[in-house]
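S.K.: Chains as they are written, first to last, in the numbering used here: chain A, 1 to 497; chain B, 1001 to 1087.
Beta carbons are placed, not taken as given, at the ideal position from N, Cα and C, and that holds for glycine.
For clarity, every value in this text was computed on a predicted model and none was experimentally measured.
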Amino acid sequence: MTIAMPQPDTGVLAARDRLIGELGAIVPPDNLVTDEPGLKTYECDGLSAYRELPLAVVLPETTDEVARILDLCQRHRVKVVPRGSGTGLSGGALPLKDGVLLGLGKFNRILDIDYANRCVTVQPGVTNLAISQAVDHRGFYYAPDPSSQLACSIGGNVAENSGGVHCLKYGVTTNNLLGLEIVLMSGEIVRIGGKYMDSDGYDLLGIVTGSEGLLGVITEVTVRILPKPASVSTLLIGFDDLAAAGDCVARIIASGIIPAGLEMMDRAAVHATEEFCKAGYPLDVEALLICELDGPGPEVGELTGRVEKIAADLGARTIRRAASEQERERFWLGRKSAFPAVGRMSPDYYCIDGTIPRGRLAEVLTRMEGLSERHGLGVVNVFHAGDGNLHPLIMYDIDKPGDLEKAEALARDILTLCVEVGGVLSGEHGIGVEKRDLMGTMFSDEELKQQQRVKCAFDPEGLLNPGKVFPVLHRCAELGHMHVHRGQVPFPDLPRF
Amino acid sequence: MTGKTFRPVDEKELAGLVAWAAADGVPLEIIGNGSKRGLGHAIAAEHVIDMSQRTGIVDYEPAELVLTVEAGTTLAAIETRLGEANQ
Ligand SMILES: Cc1cc2nc3c(=O)[nH]c(=O)nc-3n(C[C@H](O)[C@H](O)[C@H](O)COP(=O)(O)OP(=O)(O)OC[C@H]3O[C@@H](n4cnc5c(N)ncnc54)[C@H](O)[C@@H]3O)c2cc1C
Chain A
1 MTIAMPQPDT GVLAARDRLI GELGAIVPPD NLVTDEPGLK TYECDGLSAY RELPLAVVLP
61 ETTDEVARIL DLCQRHRVKV VPRGSGTGLS GGALPLKDGV LLGLGKFNRI LDIDYANRCV
121 TVQPGVTNLA ISQAVDHRGF YYAPDPSSQL ACSIGGNVAE NSGGVHCLKY GVTTNNLLGL
181 EIVLMSGEIV RIGGKYMDSD GYDLLGIVTG SEGLLGVITE VTVRILPKPA SVSTLLIGFD
241 DLAAAGDCVA RIIASGIIPA GLEMMDRAAV HATEEFCKAG YPLDVEALLI CELDGPGPEV
301 GELTGRVEKI AADLGARTIR RAASEQERER FWLGRKSAFP AVGRMSPDYY CIDGTIPRGR
361 LAEVLTRMEG LSERHGLGVV NVFHAGDGNL HPLIMYDIDK PGDLEKAEAL ARDILTLCVE
421 VGGVLSGEHG IGVEKRDLMG TMFSDEELKQ QQRVKCAFDP EGLLNPGKVF PVLHRCAELG
481 HMHVHRGQVP FPDLPRF
Chain B
1001 MTGKTFRPVD EKELAGLVAW AAADGVPLEI IGNGSKRGLG HAIAAEHVID MSQRTGIVDY
1061 EPAELVLTVE AGTTLAAIET RLGEANQ
């Protein structure tokens, strides 16, 4: 482990047994994990290079239990790390040695399906896919579709503001979210938004979405559902060079067409997946695009023709339109198998997540090749080209001394490159511990302090998921946050400013 | 109200105004074209900052789906410009 985490609190470590006793009074025995083999299940999330055993794991099933657990932990000054399904790729759910891991996987019932208002209310542990499955028979679905949708929880999706292949047209989590119930570290239960659009006042829903478990524990989520599109058309477009593929993406969007999904794979990715699952991809291309258009039949037909024309004008080597649902599935098969395909080529891979302006795609991919050679590790690119969200997969071998450090250094260089060309550190996987120490490449000290003041308003003691997102933890008092206790400021008679 | 209406020409002037008002505890009302000003109760502010002159498209990149405009730009002007690119 090469990342520094907050110093464990020895007092909390020493009082472990007492804490376990008190947690045991809140949840049934099956929902409290304290033995080492049990704790090991939770030692990491999807960023498995970093591991730690938590003090204890507690698995609440009601909002009331969550509130009592947080209140207890705040009173004993015990840190809490929320966890959904643990598929996060930036280490946001990495346990703390002196912290309670709050697992929300068992808190997983669908509470309400409201077709008239086109929304669904669920508990945080419900998986992303389960929402779509619950409304499928009526022709509806929940639009954001992370590749991990079979496993990841909706609470985790909100905490990371997750995206997916179809988010180009339908928006990421934040655009499909209507309401939340959250529990603050103090145990206070807060409801934000609901079954309506644009709730009054400040955009608290926006603040909590993507807050990576640092502001509150999400205990209920209301999302919008959409009717499934009447028709879908999928194109496979191959180019001889990356620049032409990048231009094609830019031209499609600039011409006013917003495909449902627009994905790109580089040569290495095309070859890796073709070998893995025989999707029938052309092997003589440098870049392959999958462009999917959806909507009413006539519109889709017209737009598909226009995309084909744009691609042909740019000299595409292959342009194939899926003639049947089976063929469409085959086009996607390779894209969807990309991770396991790379997993077969290399003992370990590290998936990173940066976003760049679309116009710089070719330049960034070319410079990335240079970085990959310099660090001596291969990189495969499969990504959401339509929104400029890169997912370079760095191949390494954790058993080879020095390889992980090399992969980390290469990842840092790639992410710094993204910021340098006007992009951002994360598209959808969050900052977590992974990109925490790179925050300074994007934000000034003052900007980071301002963000931390928001954190202080929700969690003044800094007990919820500390060590994530912020490279330096300032105490809230240092940031000029004034603690208002039961509506009274300390020394009310003194002039303040 | 007998207050003044300020029309700051740039960010620096605007920042100066706000800093001055904050330091002296003077409430400000911020308006654009004031099209909904008649709704609700009047705002108890000493002075007005009028942003309606701060118009114009700073940057528009259709391929990036990104538009940056000055705060006082009218929606009609924005829609006209976007329409040129089918967006
Ligand atoms: C193979 C694979 C493919 C993936 N593809 C995509 C993709 O296409 N798009 C994408 O965006 N992501 C993708 N991811 C990343 C990951 O699946 C998402 O970030 C997902 O939203 C995490 O959900 P989770 O339930 O697993 O959360 P976890 O990993 O358990 O937690 C993630 C973060 O959320 C916090 N958190 C979790 N639940 C709560 C809660 N109820 N209240 C407060 N905080 C909470 C945690 O503290 C942590 O910081 C992929 C991951 C894998 C392994």
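(1) Grouping DSSP H, G and I as helix and E and B as strand, with all else coil, what is H76/A?
(2) With a threshold of 7 Å between beta carbons, is R358/A in contact with chain B?
(3) Is any non-hydrogen atom of ligand 1 found closer than 6 Å to the C-beta of S48/A, if you look at the structure I gave you?
(4) Can you name the residues of chain A whose CB is closer than 7 Å to the CB of Q1087/B?
(5) Report the residues of the region 1046-1065 of chain B with a CB closer than 9 Å to any CB of chain A, ordered along the chain.
(6) Let me confirm a value: G38/A is counted as buried when at least 16 other C-beta atoms fall within 10 Å, else exposed. Which label applies?
(7) Can you find the residues in the same chain that come closer than 8 Å, C-beta to C-beta, to V208/A, ignoring five residues on each side of it along the sequence?
(8) Can you tell me the Cα-Cα spacing of D294/A and G139/A, whole angstroms?
(9) Drop a sphere of 10 angstroms on the beta-carbon of Y50/A, count the other beta-carbons inside from all chains shown, and report buried for 16 or more, exposed for fewer.
(10) To the nearest angstrom, report how far apart I189/A and G103/A are at their CA atoms.
(11) Shortest alpha-carbon distance to L448/A belongs to which of D136/A, A312/A, H474/A and F458/A?
(12) Return the Cβ separation of A323/A and I237/A in integer angstroms, given the expectation that the two are a contact with Cβ distance under 8 Å.
(13) Hey, would you say the C-beta of F276/A is under 6 Å away from at least one heavy atom of ligand 1?
(14) In chain order, which continuous runs of the alpha helix (DSSP H) of length 4 or greater are located wholly inside the region 346-389 of chain A?
(15) Considering only C-alpha positions, which residue in the set H166/A, G194/A, G213/A and V165/A is nearest to L177/A?
(16) According to DSSP, which residues form a beta bridge with G295/A?
(17) State buried or exposed for R374/A, treating a residue as buried only when at least 16 other CB atoms are found within 10 Å of its CB.
(18) With 16 other CB atoms within 10 Å as the buried threshold, where does L361/A fall?
(19) Could you name the residues of chain B that A250/A contacts, counting a contact when the two beta carbons are closer than 7 Å?
(20) Per DSSP, which one or two residues make a beta bridge with F239/A?
(21) Give every residue of the same chain whose Cβ lies closer than 7 Å to the Cβ of I414/A, excluding the five residues on either side of it in the sequence, and list them in chain order.
(22) Comparing the C-beta of I310/A with each C-beta of chain E, is any distance below 7 Å?
(23) So which of I20/A, D397/A and T34/A has the shortest CA-CA distance to H76/A?
(24) Looking at chain B, is there any beta carbon in it that lies within less than 7 Å of the beta carbon of I237/A?
(25) Just to confirm my understanding: we take Q74/A, look at its own chain, exclude 5 residues before and 5 after, and list those with CB closer than 8 Å. What are they?
M.R.: Checking against the coordinates, here is how it stands:
(1) The three-state secondary structure of H76/A, taken from DSSP, is coil.
(2) So, interface residue.
(3) Flag unset: Cβ of S48/A not near ligand 1.
(4) For Q1087/B, the chain A residues whose Cβ falls inside 7 Å of its Cβ are G256, in order along the chain.
(5) Flagged, chain order: E1061, P1062, A1063, E1064 and L1065.
(6) The residue is exposed, with fewer than 16 neighbouring Cβ atoms inside 10 Å.
(7) In chain order, V158, L180, I182, I192, L215, G216 and I218 place their CB closer than 8 Å to the CB of V208/A, counting only its own chain and leaving out the 5 sequence neighbours on each side.
(8) Between D294/A and G139/A, the C-alpha separation is close to 15 Å.
(9) Y50/A should be labelled buried.
(10) So the alpha carbons of these two residues sit roughly 18 Å apart.
(11) Nearest of D136/A, A312/A, H474/A and F458/A to L448/A, Cα basis: H474/A.
(12) Taking a contact as a CB-CB distance under 8 Å, the pair A323/A and I237/A does not count as one, their CB atoms being some 15 Å apart.
(13) Checking the Cβ of F276/A against ligand 1 gives no.
(14) List check, alpha helix (DSSP H) in window: 361-375.
(15) Taking L177/A as reference, the option from H166/A, G194/A, G213/A and V165/A with the minimal CA-CA separation is G194/A.
(16) Answer is S231/A, bridged to G295/A.
(17) When all chains shown are included, R374/A counts as exposed.
(18) With 16 or more Cβ atoms within 10 Å of its Cβ, L361/A is classed as buried.
(19) Residues of chain B passing the Cβ test: A1063.
(20) Residue pairing for F239/A: DSSP places it in a beta bridge opposite A287/A.
(21) These residues qualify, in order along the chain: I352, G354, M368, L371 and P392.
(22) The chain inventory of the structure shown lacks chain E, comprising the protein chains A and B.
(23) Nearest option by C-alpha distance: I20/A.
(24) No - not a single Cβ of chain B is within 7 Å of the one on I237/A.
(25) Closer than 8 Å at Cβ, skipping near neighbours: M185, S186, G187, E461 and L463.
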